[in-house]
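The structure appears right after this line, and notes come after that.
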Amino acid sequence: MMVSVVSTNGDGNSSFVLLTQRNNHMKTQARGSEIRMLLSVIILFAGALLAQAADKKGGPSPASCVACHEKQTPGIVTDWRISRHSQVDVGCADCHGDGHQSTNDVARVKIPTPDTCAECHEQQVTQFKNGKHALAWAAMKAMPTIHWQPMAMIDGMKGCGGCHKIGLKSEQEIKDLKKSGGGFGLASCDACHTRHTFSVKEARQPQACETCHMGFDHPQWEMYSGSKHGVRSNLKQMGLIATNAVAPTCQACHMNQGHHDVDTPWGFLAVRLPLPEDKQWAADRVTILQALGVLDPEGKPTARLDVVKAARVAKLTQEDWQKERDAMLSTCNECHSGNFAKEQLAQGDNMIKESDHLMAEAIRVVAGLYQDGSLKKPANYVSAFPDLLTFHDAPTVIEQKLFVMYLEHRMRAFQGTFHANPDYALWYGWSEMQRDLTEIKALAAELKNPAKK
Ligand code: HEC
Ligand code: HEC
Ligand code: HEC
Ligand code: HEC
Ligand code: HEC
Ligand code: HEC
Ligand code: HEC
Ligand code: HEC
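All letters in the sequence shown, in the order written, are residues 0 to 452 by numbering that gives the first Met the number 0.
Written out as structure tokens, the structure is:
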């Protein structure tokens, strides 16, 4: 089996076409027409095989689904024929059931969930359920202003929902989703090996993570692609350096040995317990925890802490994060010395510490405005204290600045350090944080003393 990357559009747009094929080599620069011709040969051949297979099996023959869907949704049938599934006789009905057999009973079709895949891939599903991806839907739903977002952005699987659909949904949530829309986006397992090729080779490429791990608050794709790790991996994909030259992919570091239970020591928000020994850092982290609403302004745990625990948004014991860190170090050690690796990761920790200091100072400035009455407690806030988790719905310009400083710039400062991308760490991260802090101070001065403006 092989995969060719073809970028041949006449209009200059490069497109990414995955072609999986047995015992046949294809030139990387093949033209669209040649591909179509080859495909039709494969389809004819596969069709003949399939008819034979269907004849042998009793019950709802995959051929009936295929014969009709060849006209209804030809692209899906093409992809399924390319897949390993079609080679091993896993047909449409194995995932979609046989309740729907004609054009007028489409509503009886089954839309697969990870439990459908678990019938044959128990190991991957069990691992997946233990990892952070499984919690993505719950973590999104736990955000305090989630109900303020347009429906399309959440249950409509666009925006937040478009990425967080990778998470598991409860039976009740699935029922509700079906009532409110089409009820698609329930499969989770099609996030990296997409339907209907379900290709393991596709899933092993870093591009499999790109659609979700990019952009505003988690540009891992951009950071990685520009890092030496990503550049080498890209040169390998293009066939310009030896295919056995080492270059870690996202999967090598985060799904080592194919483990489907992704998790990281710091996590997205980069706050954890126990508090660090360094007194300044500990104080700064407490301020951030207050602005996340998990500690109240007096420093006592709030109800939101339970939500954070349930969705595993922060690690709460050293044991919990140390084992992830040790595993990461041994991955680095496959190519780097232990000393080199320890040093790199320690610098990542240091960037979190430095960033926390700027962040905490900015939070204290805005908290001061609530305390002296320059800002009034918003009706939906529990306390008169800034709330980073209100995101873009924060009620004032100064608080939105604070949100951007936290979710965009602090993220880039440390994520860029961990992902070996100096430009993200400095210019898109640390430097922006400095500018945010200056602006926040200036805005605060105006709010305290509007007359002097
Ligand atoms: C006689 C034709 C016919 C047969 C046979 C058939 N389908 Fe369909 N199927 C359709 C049509 C028509 C649609 C709706 C397509 C559309 O909206 O474009 C559909 C839709 C679907 C959908 C998408 C459901 C949705 O809500 O959009 C799935 C999944 C599906 N079929 C699977 C199957 C499976 C599995 C079988 C065999 C057990 C099968 N089909 C047999 C005609 C057929
Ligand atoms: C290995 C499992 C599996 C097999 C086999 C399978 N499907 Fe699907 N199919 C899925 C998954 C997963 C989805 C996405 C469901 C979602 O969005 O929640 C899907 C979605 C669909 C959809 C609706 C979404 C879209 O993109 O239009 C159609 C139509 C469909 N399948 C048809 C087929 C047909 C026809 C076959 C056989 C040629 C087939 N499927 C075989 C797993 C499978
Ligand atoms: C009825 C059993 C069955 C179901 C249901 C099923 N699979 Fe498979 N799947 C298989 C078999 C068998 C293979 C081939 C294993 C092998 O190559 O040894 C396979 C292979 C795969 C592969 C490896 C493909 C490759 O390129 O080598 C992936 C990925 C995969 N399945 C994902 C899924 C997902 C995701 C679902 C659910 C949407 C699913 N499967 C549902 C039986 C199933
Ligand atoms: C975050 C991306 C991602 C998600 C989500 C994902 N997979 Fe995978 N999957 C991979 C990668 C990467 C591999 C290849 C691992 C390796 O190199 O051995 C893989 C491999 C597989 C294989 C082939 C295993 C083998 O040894 O041949 C199966 C089967 C599979 N996945 C099923 C699933 C199922 C079922 C789900 C849903 C619970 C799922 N995957 C969700 C990335 C993913
Ligand atoms: C060389 C190994 C390596 C590669 C390659 C790599 N990462 Fe990471 N990743 C790390 C390390 C180290 C951390 C921070 C670990 C910690 O929390 O201590 C991290 C953290 C993360 C996090 C948590 C938030 C953050 O950024 O700190 C996510 C999500 C993530 N990586 C996704 C990806 C994706 C997606 C790719 C590919 C585009 C990728 N990583 C490539 C090593 C790697
Ligand atoms: C469909 C979107 C999607 C795809 C594709 C995807 N992820 Fe994720 N990933 C998410 C979301 C959403 C989260 C946050 C889940 C949570 O923590 O609740 C996440 C979390 C993670 C984390 C845990 C970060 C932490 O907080 O500790 C890692 C590591 C990760 N992803 C790696 C990967 C890798 C590697 C790939 C590609 C092989 C990948 N992801 C593909 C959406 C995706
Ligand atoms: C482009 C895809 C994408 C969009 C859009 C998106 N997210 Fe995320 N989200 C992710 C990824 C990927 C992660 C994990 C990032 C990391 O660990 O660095 C994540 C992490 C999170 C986390 C932290 C989970 C944890 O356990 O640490 C929350 C909460 C969250 N997102 C909520 C939302 C909300 C609410 C929205 C919409 C306002 C949203 N996300 C929009 C992909 C997305
Ligand atoms: C699969 C092999 C491989 C793995 C695993 C790997 N790296 Fe690398 N790394 C490389 C290669 C190759 C380079 C490019 C060497 C150069 O720049 O001369 C590199 C470069 C780097 C660089 C930038 C160049 C430099 O010397 O400053 C850093 C930082 C780095 N790696 C850190 C890590 C960390 C941290 C981990 C584990 C989280 C890790 N790497 C895992 C292969 C790997």
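Heads up, the beta-carbon is just placed ideally off N, CA and C, and yes, glycines get one too.
>> Could you check whether valine 65 and cysteine 91 sit closer than 9 Å to each other, using their CB atoms as the reference points?
In response: Yes, they are a contact pair.
> With respect to 8 Å, is the separation between the Cβ of methionine 139 and the closest non-hydrogen atom of ligand 6 below this value?
Replying inline: yes
>> On the CB-based measure, 16 or more other CB atoms within 10 Å of its CB, does histidine 391 come out buried or exposed?
In response: exposed
> DSSP puts cysteine 271 in a beta bridge; with which residues?
Replying inline: Just to set this straight, residue 271 is arginine in the shown sequence, not cysteine. Bridge partners of arginine 271: Lys314.
> Do you know how far the Cα of leucine 134 is from the Cα of alanine 310?
Replying inline: 6 Å
> When the Cα of alanine 383 is compared with those of Val365, Lys400, His408, which residue comes out closest?
Replying inline: Val365
> If you draw a straight line from the C-alpha of tyrosine 380 to the C-alpha of lysine 299, how long is it?
Replying inline: Approximately 16 Å, taken between the alpha carbons.
> How would you write the range of the alpha helix (DSSP H) that valine 199 sits in, first residue to last?
Replying inline: First-last of the alpha helix (DSSP H) with valine 199: 199-202.
> Does the distance from the C-beta atom of lysine 131 to that of aspartate 260 stay below 9 Å?
Replying inline: yes
>> Out of Phe267, Ala424, Gly155, which one is the CA nearest neighbour of lysine 178?
In response: Gly155
> Along the chain, where does the alpha helix (DSSP H) that runs through lysine 174 open and close?
Replying inline: 170-179
> Which residues bound the alpha helix (DSSP H) around lysine 400?
Replying inline: In this chain, the alpha helix (DSSP H) harbouring lysine 400 covers 396-403.
>> Using beta carbons (cut-off 9 Å, strictly below), is glutamate 353 in contact with chain C?
In response: No chain C is part of this structure, which consists of one protein chain only.
> Is the CB-CB distance between threonine 395 and threonine 144 below 9 Å?
Replying inline: No. Outside cutoff.
> Is leucine 185 helix, strand or coil when you go by DSSP?
Replying inline: coil
> Which term fits phenylalanine 339, buried or exposed, when burial requires 16 or more other beta carbons within 10 angstroms of its beta carbon?
Replying inline: exposed
> Any idea what DSSP makes of proline 218, helix, strand or coil?
Replying inline: Proline 218: coil per DSSP, three-state reduction.
>> So for proline 247, helix, strand or coil by DSSP?
In response: coil
> Hey, is the segment 232-241 in contact with the segment 103-117, meaning 3+ C-beta pairs nearer than 8 Å?
Replying inline: no
> How many Å lie between glutamate 438 and alanine 244 at the Cα?
Replying inline: 46 Å
> Taking 8 Å as the line, does the beta carbon of alanine 92 fall inside it for any heavy atom of ligand 1?
Replying inline: It does: the Cβ of alanine 92 is within 8 Å (strictly closer) of some heavy atom of ligand 1.
> Start and end of the alpha helix (DSSP H) containing phenylalanine 417?
Replying inline: 410-417
> Would you call the segment 95-103 and the segment 171-188 in contact, with 3 or more CB pairs under 8 Å?
Replying inline: no
> Heavy atom of ligand 8 less than 8 Å from the Cβ of glutamine 219, yes or no?
Replying inline: Ligand 8 has no heavy atom closer than 8 Å to the beta-carbon of glutamine 219.
> According to DSSP, is proline 300 helix, strand or coil?
Replying inline: strand
> Ends of the alpha helix (DSSP H) at asparagine 349?
Replying inline: 337-370
> What's the gap between the Cα of isoleucine 287 and the Cα of tryptophan 136?
Replying inline: 24 Å
> So what does leucine 294 bridge to, in DSSP terms?
Replying inline: In DSSP, leucine 294 forms a bridge with Pro300.
>> I'd like to confirm something about alanine 106: is its beta-carbon nearer than 8 Å to some heavy atom of ligand 1, or not?
In response: yes
> Which of the three DSSP states, helix, strand or coil, is assigned to glycine 90?
Replying inline: coil
>> Going by DSSP in three states, glutamate 118 sits in which element: helix, strand or coil?
In response: Here glutamate 118 sits in coil by DSSP.
>> Check whether the segment 426-436 and the segment 224-236 touch, using three or more Cβ-Cβ pairs below 8 Å as the test.
In response: no
>> Can you determine whether any heavy atom of ligand 5 sits closer than 8 Å to the C-beta of leucine 344, and answer yes or no?
In response: yes
> Any idea what DSSP makes of tyrosine 427, helix, strand or coil?
Replying inline: helix
> Does DSSP put leucine 288 in a helix, a strand or coil?
Replying inline: helix
> On the three-state DSSP scale, how would you describe aspartate 154?
Replying inline: coil
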